[in-house]
Amino acid sequence: MKKNNMKKFSIIIPVHNMEKLIGRCLDSIFNQTFEDYEVIVVNDGSTDNTLEILKKYNIKLINQKYLGVSEARNNAIKKATGKYLIFLDSDDFLSKDLLCKLDKETNDNPDVIRYQVRKVYENGKKEEFNEESFSTTDGVDGFNKIVNYKFIDPIWCYAIKRKYYLKEKFSFKKNTLHEDFGIVPLIIIKAPKIKSISYIGYNYYQRNGSIMNNDNYKYTKRKVKDFYNHYKFLIKEIDKTDLNSKIFKSYISNSLIQKVTELKKDDYKAYLKKLKKDKVYDNILSNSIARKIKKIILRINPKLYFKGR
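Converting from the sequence shown to this note's numbering requires adding 122 to each position, the first position being numbered 1.
Shown next, in the form of C-alpha cells:
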C-alpha cells in the first residue's frame, strides 16, 4: 500500500458473540474528534447477530473460525497500515478525544504512548485512577514508572508504533489466557521512547460473566498455568538484553506469586514448590526494610501477604 494511504492509527478489535455491546464500542471510535484512522475488526467465530451489526460499519472486517483473542489480534496486525496500533476490547469503549490527544503527543515520534483507564460498571458507577503522566523517556525508566499504575499489562492502555512492534517481532501467544502479561511488559521496557499522558482514554466495562470475571476453578488452573509460562518467556527474553531489569523481574515475579495464590490446597502447594525450584522469590526486590519483610512473608506464605492487599 502506498505511504500516502497509510492512516495515523489502526484500531484493532477482536469480537466474539458481542451483539449487545459491539455497537457502543464501534460508535465510540466513529464519534472521535480525529478522523485519520482505520478500524480492523476480527469476527472470531461469532454465532449471534454480531456479524450483521459489523456489516453496517466502515471497517476492515476479518472473519475467522473461533481461534481466541491472541490469534485475532495477530491476524489483524498483519492487515494494519497505521503508524500506531491501538487495541480495543469489544465490550469496552474509547473516550471521544483519545485519538486527538494521542495525535498531539506524536510530534517527538514515541514508540509507545500510555493513556489512562476508567472502570465503568453495569450500574453506571465509574471509577477513575489518577496516574501521574511523564514526558518521553526510555523504556526502563518508563516501566519503572508505569509499574506503580493500577493497570500495567492490558494492551489496550497503549498506542504502539507499528514499525517498532514489527521490528521487535512481538506477538500474542496462541491459545493462552493472560496473553497481555506475556507481551506488554516487554513492549514497555524495550521501547526506545515512551511517554504517558494523563488523559483517561479507555473505558473498561465491568460486566458479569466476562472472561475476567469467570470463577470456574478449572479455568483458574488454566490461567495460572498460562501465567507461569508467560513468566518463563518474559524471563528468557529480558535476559537476552542488557537492560536494567531488576524492577521488571521483581514485578513479573510478584505478579506470578500473587496469581498462584488463586489455587486451592494441593495445587497451591505444588506451585509453591515450583516457585522455589525456579527461584522466583529471588527476583523480588529487597532494597528496603519493608521489601525485605515482604520477601520473607512471600517465601513463607504468599496467601498471608496478598490476603490483606
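Ideal Cβ placement from N, Cα and C applies to all residues, glycine included. Here the structure is a predicted model, which means the values were calculated and not measured.
For K368, which of H352, K399, S408 has the nearest alpha-carbon? Position 246 of the sequence shown holds residue 368. Measuring from the Cα of K368, the nearest candidate turns out to be S408.
For D275, does the count of other Cβ atoms within 10 angstroms reach 16, so buried, or fall short, so exposed? For the purposes of this step, residue 275 is identified with residue 153 of the sequence shown, where counting begins at 1. Buried is the call here.
DSSP state of T259, grouped into three classes? Here residue 259 refers to the residue found at position 137 when the sequence shown is read from its first residue. The answer is strand: DSSP assigns T259 an E or B state.
Out of T298, D158, D389, state which residue places its alpha-carbon closest to the alpha-carbon of Y339. By one-based count along the sequence shown, residue 339 stands at place 217. Looking at the Cα atoms, D389 is the closest of the given residues.
For a quick check, are the C-beta atoms of L143 and S212 less than 8 Å apart? Numbered from its first residue, the sequence shown carries residue 143 at position 21. Numbered from its first residue, the sequence shown carries residue 212 at position 90. Yes, Cβ-Cβ distance for L143 and S212 is below 8 Å.
By Cβ distance below 7 Å, which residues in the same chain neighbour D225 in space, the five residues on each side in sequence not counted? Position 103 of the sequence shown, counted from the start, is the residue given in the question as residue 225. Counting only Cβ-Cβ distances below 7 Å, and skipping sequence neighbours, we find K130, F156.
Report yes if the CB atom of Y324 is closer than 8 Å to the CB atom of V239, and no otherwise. Within the sequence shown, numbered from 1, the residue matching residue 324 stands at position 202. Within the sequence shown, numbered from 1, the residue matching residue 239 stands at position 117. Against a cut-off of 8 Å, the Cβ pair of V239 and Y324 comes out as a contact.
Is Y271 helix, strand or coil by DSSP? Within the sequence shown, numbered from 1, the residue matching residue 271 stands at position 149. Residue state, collapsed to three classes: coil.
Would the region 242-251 and the region 299-308 be scored as touching if the rule is three or more Cβ pairs under 8 Å? no
Taking the beta carbon of L426 as the centre, do at least 16 other beta carbons fall within 10 Å, making it buried, or is it exposed? Numbered from its first residue, the sequence shown carries residue 426 at position 304. A residue is called buried when at least 16 other Cβ atoms come within 10 angstroms of its Cβ; L426 does not meet this threshold and is exposed.
Under a Cβ-count criterion, where at least 16 other Cβ atoms within 10 Å of its own Cβ denotes burial, should I208 be classed as buried or exposed? Taking the first residue of the sequence shown as position 1, residue 208 is located at position 86. Per the 10 Å Cβ criterion, buried.
Less than 7 Å between C-beta atoms, sequence neighbours within five positions excluded: which residues of the same chain meet that for E384? Looking up residue 384 in the sequence shown gives position 262. Taken in chain order, the residues that qualify are T342, V346.
D364 in three-state terms, based on DSSP: The sequence position of residue 364 within the sequence shown is 242, counting from 1. Here D364 sits in coil by DSSP.
N325 in three-state terms, based on DSSP: On the sequence shown, position 203 is the one that residue 325 refers to. N325: strand per DSSP, three-state reduction.
Whole-angstrom Cβ separation of S372 and I411, contact assumed at under 8 Å? The residue given as residue 372 occupies position 250 in the sequence shown. The residue given as residue 411 occupies position 289 in the sequence shown. Actually they are not in contact, since the Cβ atoms of S372 and I411 sit about 16 Å apart, beyond 8 Å.
Here's a check: name, in chain order, each residue in its chain whose Cβ is nearer than 7 Å to the Cβ of Y353, leaving out the five neighbours to either side. As a working mapping, residue 353 is identified with position 231 in the sequence shown. For Y353, where only same-chain residues beyond five positions count, the Cβ hits under 7 Å are I374, L378.
At which residues does the beta strand (DSSP E) containing Y179 begin and terminate? One-based indexing of the sequence shown puts residue 179 at position 57. Taken as a continuous stretch (DSSP letters only), Y179 belongs to no beta strand (DSSP E), as it is neither H nor E.
Considering only C-alpha positions, which residue in the set F355, G167, T258 is nearest to D400? Along the sequence shown, read from residue 1 onward, the residue named residue 400 stands at position 278. Among F355, G167, T258, the Cα nearest to that of D400 belongs to F355.
Rounded straight-line distance, which links the Cα of D348 to that of N376: Taking the sequence shown and counting its residues from 1, one reaches residue 376 at position 254. Taking the sequence shown and counting its residues from 1, one reaches residue 348 at position 226. Cα-Cα distance, rounded: 16 Å.
Alpha carbon to alpha carbon, how far is T363 from N351? Give it in angstroms, no decimals. On the sequence shown, position 229 is the one that residue 351 refers to. On the sequence shown, position 241 is the one that residue 363 refers to. Cα to Cα, the separation comes out at about 19 Å.
To the nearest angstrom, how far is it from the Cα of N266 to the Cα of K241? For the purposes of this step, residue 266 is taken as the residue at position 144 of the sequence shown. For the purposes of this step, residue 241 is taken as the residue at position 119 of the sequence shown. Approximately 23 Å between the Cα atoms of the pair.
Does the region 173-185 come close enough to the region 269-283 to have 3 or more Cβ pairs within less than 8 Å? no
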